Structure formats: structure tokens, C-alpha cells
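Presented below is the structure to which this report refers.
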Amino acid sequence: MCYADTATNPDGTATAFCYCGWTEEHPTPDAADTAADTHERATDAAEAAFAATR
Ligand SMILES: [Zn+2]
96 MCYADTATNP
106 DGTATAFCYC
116 GWTEEHPTPD
126 AADTAADTHE
136 RATDAAEAAF
146 AATR
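Residue numbers (our numbering): 96 to 149.
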């Protein structure tokens, strides 16, 4: 599964990132946080669907 985190940039924007290589730029830390949560849930769902086919 993915573990996404966020980093606040000096200009006030924020970057959401994950060790899998996924990154997204967002105008606010809150938006980046939401995106990080969404990424984790999306990848968990994809892995569950993959596992169900095996
Ligand atoms: Zn990821």
C-alpha cells in the first residue's frame, strides 16, 4: 500500500507526495493533505481489486 505525505513550500503552496513516485502540487496544505488521503485510498482500492482476481 501507499503512504503519502505532504510538505509545505516556502511560497505557501504544498506538495503531496508518496514513496511510489506520485506527487501533486496544491495551492494549500489542506488541499495537499486531502490529495494525499485520496491517493492512499485509491491505491488501496486498486490493490484490493488486484488481490481479488488472484
Ligand atoms: Zn503512492
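C-beta: ideal position from N, C-alpha, C; glycine also.
Values in this document were obtained by computation on a predicted structure and should not be read as measured data.
What's the gap between the Cα of Pro122 and the Cα of Ala130?
11 Å
Please work out which residues of its chain come closer than 8 Å, Cβ to Cβ, to Pro124, disregarding the five sequence neighbours upstream and downstream, and give them in chain order.
Thr101, Thr103 and Ala109
So for Asp106, helix, strand or coil by DSSP?
coil
With H, G and I counted as helix, E and B as strand and the rest as coil, what does DSSP make of Thr138?
Look at Thr138 here: in three-state DSSP terms it is helix.
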